[in-house]
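Using our numbering, you'd call the opening residue of the sequence shown number 18 and step up by one each time. Data block below; observations after.
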Amino acid sequence: MGESFGVYRLGADEQLVRVVTSANIACGFHAGDPQTMRATVRLCAENGTAVGAHPGLPDLAGFGRRNLAVTPQEVYDMVLYQAGALLGFARAEGVRMTHVKPHGALYNMAAVQRALAEAVAEAVYRLDPELVLYGLAGSELIAAAGRIGLRAAREVFADRSYEADGTLTPRSMPGAVLHESAEAEAQVIRMVKEGIVRCRTGEEIQLGADTVCIHGDGPEAVEMAVRIRKRLENEGIEVRPAGNVRSG
């Protein structure tokens, strides 16, 4: 959420905030700006939605979805800078920031590169050791959080397909993004209830699920979120912010 900036408007935040339990708010590098950050924090506060920072690579033109050559120190600095800025807005609005989730290419790079994952986890821990780090289930991000005693939420994706190694299918490949709400709903239910996902190439792999991601920049986002939340609740699954996960 909060990915509008300047005169550019993106996403259906006013509708989504009433459906989701946690919001990942852009912090100005891949999208967002100070005014949007403040407004989005306030919107979350008004709707009882947990506030989290969504730091990305400094790439507005590519929406933070292009890999950049960055060092672990650079990653540490940019995560601390962005998450710290959102923490400031949250405190000014009387809201507790609960979590941090890297965005786009930064998320995917840290999922498989241990040094970058450790830089992200260290930045989050030093900012506030009570924060929860959201990371791809089974990834280096989850492992890095565990090594320093930072709580982590294993994240699965409603609207993305998976590769056999547990990573997300690159967006450059056909079928990487699921646009049909029924398909996304079925994938989520199986991941949450059975801990299994069918990969793009047909294999089935196991994964743990603490939190479910739905991207807010697609035209089907609101319908998909409403449908998935209703199905989860109909299945007797409590939907709440992922703030009670254990460290390690």
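Note that the Cβ used here is the ideal one computed from N, Cα and C, for glycine as well.
- Query: Under a three-way DSSP split, which group does C216 fall into?
  - Reply: coil
- Query: Rounded to a whole number of angstroms, what is the C-alpha to C-alpha distance between T184 and L153?
  - Reply: 8 Å
- Query: If we cut at 8 Å on Cβ distances, does V87 have a partner in chain B?
  - Reply: Protein chain content of the structure displayed is limited to a single chain, and chain B is not contained in it.
- Message: What residue range does the beta strand (DSSP E) around F174 cover?
- Response: F174 -> beta strand (DSSP E) spans R168 to F174.
- Proximity winner among V68, I206, V92 and I245, relative to L103 (alpha-carbon distances): V68
- Residue interval of the alpha helix (DSSP H) (run including S198): S198 to E211
- Item | Nearest to V99 (by Cα), restricted to the options A132, G166 and G49 | The amino acid at residue 99 is misidentified as Val; the sequence shows Gln. That would be G49, whose Cα lies nearest to the Cα of Q99.
- In the DSSP assignment, find the alpha helix (DSSP H) that holds T57 and state where it starts and stops. P51 to N64
- Item | H47 and L85 closer than 8 Å at C-beta | H47 places its beta carbon 8 Å or farther from that of L85.
- Message: For a test of the three-state rule: what should DSSP assign to Q223, helix, strand or coil?
- Response: strand
- Task: Answer yes if the region 140-148 comes into contact with the region 206-220, meaning at least three C-beta pairs across the two stretches below 8 Å, and no otherwise.
- Result: No contact exists between the region 206-220 and the region 140-148.
- Query: How close, in whole Å, do the beta carbons of T115 and P258 come, if the pair is a contact with beta carbons under 8 Å?
  - Reply: 6 Å
- Item | Entirely enclosed alpha helix (DSSP H) segments - the region 85-127, minimum 4 residues | Qualifying alpha helix (DSSP H) stretches, in chain order: 89-109.
- Message: For a test of the three-state rule: what should DSSP assign to G152, helix, strand or coil?
- Response: strand
- By the 10 Å Cβ neighbour count, where 16 or more other Cβ atoms means buried, how is P72 classified, buried or exposed? buried
- Reference F106, options Q90, A70, A193 and Q130, closest by Cα: Comparing Cα-Cα distances from F106 to each of Q90, A70, A193 and Q130, the minimum goes to A70.
- Task: Per DSSP, which residues does Y179 bridge with? Please list them.
- Result: L185
- Message: So V117 and L158 are supposed to be a Cβ contact under 8 Å. How far apart are they, rounded?
- Response: So it is not a contact: roughly 10 Å between Cβ atoms.
- With DSSP collapsed to three states, give me the class of I42. strand
- Which residues in the same chain as F80 place their Cβ atom closer than 6 Å to its Cβ, once the five residues preceding and following it in sequence are excluded? If we look at F80 and ignore the five residues flanking it on each side, its Cβ neighbours are H47.
- Message: Can you tell me whether V24 is helix, strand or coil according to DSSP?
- Response: coil
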